[in-house]
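Report on one structure; see the data block that follows.
Next up, the structure:
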């Protein structure tokens, strides 16, 4: 009997697969062949394959790369630019002017690189993004090797790179055409900003375009109470009911935020197959509200976790987002048993992959899937002792504990250092001669 | 004119003093002489002193060490032992049995060392603790050089090391006597667990003992809704009103948690001068409730921030606690302008120092105070660009970004490594032959 031969073999790890059986293997191995997961096993259950490269994960958790189901990559440019302000003042007096002044093809490219670097170093291998100059975002993401679902922003106002809103869908479609099948790690998508910034016609046309290509349709909805009130005043329906009525909701629709919804709306969402991207830290920081995530899960809705853009978070660390997602539901319900760590880990992996339409290729460690894998170093002061790895992933680990990161079997982070990017150069670009206090 | 001469001089930093004028100095220096802060200035405002040792803080924030106003150091032993469980099941079926089985003088010492190591590496220079075998906690803390207010736990039940509850105050007083003036960095305190586990006589005697020595009196109170209901059923008053009635509240009393209180109780607390230790992550994880912190601050109450013990958090990182403290108030009020970053940074420094009774020596960078200083490396991917350092401290930085830590001028952490402890040895002690999954 000859042993299987793999390109790479990760051994001696505590392997958390996030598969449908929640398989966890102590002293486990994961093999990578041709960028895909070849096999998974333990020394006890199967003969370990041979491999060109052996990676020792002793003292480590080996798990699927995290899926950040909602972000705006270039907004790292505005990290901490304006905090602690009322939402409309933040948007109108700071974010929109900053976008008008600073958002251009070059800054979008650089800031997207910065965000990818932060994400990869903190264990995120897939993100779902929407912004302007998305073509430049795609170019940046492509150079990093990270996996992403990317959508050119559609909004019925003049926007960076799209001065004539009449052409917003044209721009978005051109982005889709360009990036369909162009990069192994990039999946194009359509991203309408919201029902309050896009007309019914725009929403329908964009959704139809997404449908033609079987692509994900992303949209912010039911983020704030005011938005819902305004929607009822404008069209006589809450955002979710309105989107349902005009035919936007189906299994390829991703509702971003979904904070304000009642039981009936959850039933509508669940029946439609639409997914939700839950962004707890952004919802908290902007004072938007607490999403009924536990009820959404109970209604059978697929919910992923997202950081949102850096300007409303202010980081892209999915470990902290998992921690907050769990704790926020517990305190809202006054029940520590809801949003258990195991559920949250799946939301940040396989459920997130489902939410962004990539669960056929990522989100769990299963033979045949892309080898999107992270290795977490648990031999650290703040991670000992360990009784339950799920608890540690959600409540104790941080992005900085991620030692190695693979996307499609390619090692992008090794011993906490980026292999496909020059971290120092990126930092220098954004670091202006020492810290600057503008207050 | 001769220049002043200091032992150590930290230069080129963005100095955040947390003094009463909220002084922030770009390109600032801080000098240390005889363990105390000698001076603070910028190249523009004053001549920089000479020094034996020069530390370059270029690209860094220099600020007071953080004050963790409530923790149980030895509970790092139970990090993640039992999560996602109803509170009483967690306490009765897991924590209490685990304490009976595993808490002993040796484990308390080791686990306290582990917690101090985690705290120092994440920028906490002062903590306020209460537990059993507190003498062993004190010995551990003393060896590390960390500053702490420590109280031997008082509870009217048999407890680890105190089999006869009749002797609980005797034990606590003996601890106080032993540690009064014994260590430069340790201040003894009295710690009654709660009004529901201590009789009125116990509470009064313990408070009287604390009063005689002018020491801090710590007590958990108003943590859960059930506790408050039970208190009304038992003594006809809510915990805060009861403690007020029996004379426990004064400016040397620290109310830990203070989640459930109405306006009148805040007025009572404010008038008494009693302080509050706010532990948002623990309150969230245990499903206890959301403390009315913004109202407490408005009522003029001094509120510090604490992590609580590791078993209900599950880490001791004060940066994450600041982040959560801010965001939780914002989302509760649906107002992003409350709990601004500047306020939160002061809660984790000078206000925390006031809460634990050490503001005469720590919590701000001011000449004459102990040199408890941390240096945060902001030249990192997740900390650029920087527009406002307070925003970065609260919303973007993590404990792992702390480069150097000084307590009373002694460097305890250098380039992210502990100087007074063997980190590897501590980790090994708690790391049992690879990660263990008990689920």
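Protein chains in written order, with the working numbering: chain A, 101 to 539; chain B, 101 to 539. Glycine included, each C-beta is placed from N, C-alpha and C at the ideal position. As the structure is a computational prediction, the values presented were derived from the model and not from experiment.
Residue i classed as buried or exposed, judged by whether at least 16 other C-beta atoms fall within 10 angstroms
| i | result |
| --- | --- |
| residue 460/B | exposed |
| residue 525/B | exposed |
| residue 516/B | exposed |
| residue 512/B | buried |
| residue 152/B | exposed |
| residue 48/A | Residue 48/A falls outside the range modelled here, since chain A spans only 101 to 539, and no answer is possible. |
| residue 108/B | buried |
| residue 101/B | Residue placement at residue 101/B is flagged as unreliable, the pLDDT there being 46, under the threshold of 50; a coordinate-derived value is accordingly withheld. |
| residue 120/B | exposed |
| residue 150/A | exposed |
| residue 183/A | buried |
| residue 114/B | buried |
| residue 270/B | exposed |
| residue 280/B | exposed |
Neighbouring residues, chain A, relative to residue i (Cβ below 9 angstroms)
| i | result |
| --- | --- |
| residue 378/B | What residue 378/B touches in chain A: nothing, since even the nearest Cβ is about 13 angstroms away. |
| residue 431/B | 380, 383, 384, 385, 386, 387, 388, 389, 390, 428 |
| residue 530/B | 481, 484, 485, 486 |
| residue 270/B | Result: empty, since nearest Cβ-Cβ is about 33 angstroms, beyond 9 angstroms. |
| residue 512/B | The contacting residues do not exist; residue 512/B stays about 14 angstroms from chain A at best. |
| residue 349/B | By Cβ distance, chain A contributes nothing, its closest Cβ being about 26 angstroms from residue 349/B, past 9 angstroms. |
Cβ-Cβ separation, residue j to residue i (assumed contact under 8 angstroms), whole Å
| i | j | result |
| --- | --- | --- |
| residue 475/B | residue 503/B | 5 angstroms |
| residue 346/A | residue 304/A | 6 angstroms |
| residue 382/B | residue 413/B | 6 angstroms |
| residue 295/A | residue 343/A | 6 angstroms |
| residue 480/B | residue 505/A | About 17 angstroms separates the two Cβ atoms, so there is no contact after all. |
| residue 489/B | residue 425/B | About 18 angstroms separates the two Cβ atoms, so there is no contact after all. |
| residue 485/A | residue 282/B | Actually they do not touch by this definition, with Cβ atoms about 31 angstroms apart. |
| residue 324/B | residue 187/B | 7 angstroms |
| residue 356/A | residue 320/A | 5 angstroms |
| residue 203/B | residue 241/B | 17 angstroms between Cβ atoms; not a contact. |
| residue 542/B | residue 237/B | Because residue 542/B is not part of the residues shown, which for chain B are 101 to 539, the question remains open. |
| residue 463/B | residue 216/B | Not a contact, Cβ separation roughly 19 angstroms. |
| residue 289/B | residue 250/B | 6 angstroms |
| residue 44/B | residue 496/B | Residue 44/B lies beyond the residue range present for chain B, which begins at 101 and ends at 539; the question has no answer from this structure. |
| residue 376/B | residue 401/B | 6 angstroms |
Neighbouring residues, chain A, relative to residue i (Cβ below 8 angstroms)
| i | result |
| --- | --- |
| residue 190/B | 436 |
| residue 414/B | 491, 492, 495, 496 |
| residue 248/B | Near residue 248/B there are no residues of chain A at all, since even the closest Cβ is about 18 angstroms away, more than 8 angstroms. |
| residue 589/B | It is not possible to answer for residue 589/B, since the shown part of chain B is limited to 101 through 539. |
8 angstroms Cβ cut-off: residues of chain B touching residue i
| i | result |
| --- | --- |
| residue 519/A | By Cβ distance, chain B contributes nothing, its closest Cβ being about 14 angstroms from residue 519/A, past 8 angstroms. |
| residue 424/A | 424, 427 |
| residue 371/A | Those do not exist, as residue 371/A stays about 29 angstroms from chain B at its closest Cβ, beyond 8 angstroms. |
| residue 500/A | 498, 500 |
| residue 177/A | 485 |
| residue 109/A | Ordered by position in chain B, no residue passes the 8 angstroms Cβ test against residue 109/A, which lies about 18 angstroms from the chain. |
| residue 315/A | In chain order: nothing, as chain B lies at least about 30 angstroms away. |
Contact list for residue i against chain A, beta-carbon separation under 7 angstroms
| i | result |
| --- | --- |
| residue 427/B | 381, 384, 385 |
| residue 308/B | Within chain A, no residue comes near residue 308/B; the closest Cβ sits about 36 angstroms away, beyond 7 angstroms. |
| residue 187/B | 436 |
Contact list for residue i against chain B, beta-carbon separation under 9 angstroms
| i | result |
| --- | --- |
| residue 441/A | 180, 183, 184 |
| residue 526/A | 481, 484 |
| residue 523/A | 480, 481 |
Proximal chain B residues relative to residue i, where beta-carbon distance stays under 7 angstroms
| i | result |
| --- | --- |
| residue 446/A | Neighbours of residue 446/A on chain B: none; closest Cβ ~14 angstroms, over 7 angstroms. |
| residue 166/A | Ordered by position in chain B, no residue passes the 7 angstroms Cβ test against residue 166/A, which lies about 15 angstroms from the chain. |
| residue 290/A | Going along chain B, no residue has its Cβ under 7 angstroms from residue 290/A, so there is no contact; the nearest lies around 29 angstroms. |
Would the stretch 288 to 306 of chain A and the stretch 252 to 260 of chain A be scored as touching if the rule is three or more Cβ pairs under 8 angstroms?
As far as the Cβ criterion goes, the stretch 288 to 306 of chain A touches the stretch 252 to 260 of chain A, which means the pair count is three or higher.
Using a Cβ-Cβ cutoff of 8 angstroms, what residues of the stretch 206 to 235 of chain A are near chain B? List them in chain order.
214, 217, 218, 221, 222
Do the stretch 208 to 225 of chain B and the stretch 163 to 174 of chain B touch if we need at least three Cβ pairs shorter than 8 angstroms?
yes
Using Cβ-Cβ distances below 9 angstroms, what residues of the stretch 386 to 400 of chain A are close to chain B?
386, 387, 388, 389, 390
To be precise: take each residue of the stretch 452 to 465 of chain A, compare its Cβ to all Cβ atoms of chain B, and keep it if any distance is under 9 angstroms. Which residues remain?
none
Between the stretch 347 to 367 of chain A and the stretch 309 to 327 of chain A, are three or more C-beta pairs nearer than 8 angstroms?
The stretch 347 to 367 of chain A, when compared against the stretch 309 to 327 of chain A, does touch it at the 8 angstroms Cβ threshold.
For the stretch 442 to 458 of chain A against the stretch 198 to 209 of chain B, are there 3 or more C-beta pairs whose distance is under 8 angstroms?
no
Pull out every residue of the stretch 323 to 342 of chain B whose Cβ sits closer than 9 angstroms to any Cβ of chain A, in chain order.
324, 325
Kindly confirm or deny that the stretch 353 to 369 of chain B and the stretch 417 to 424 of chain B touch, where touching means at least three C-beta pairs closer than 8 angstroms.
no
Touch check for the stretch 135 to 149 of chain B and the stretch 430 to 446 of chain B: three-plus C-beta pairs under 8 angstroms?
Cβ pair count under 8 angstroms is below three, so no.
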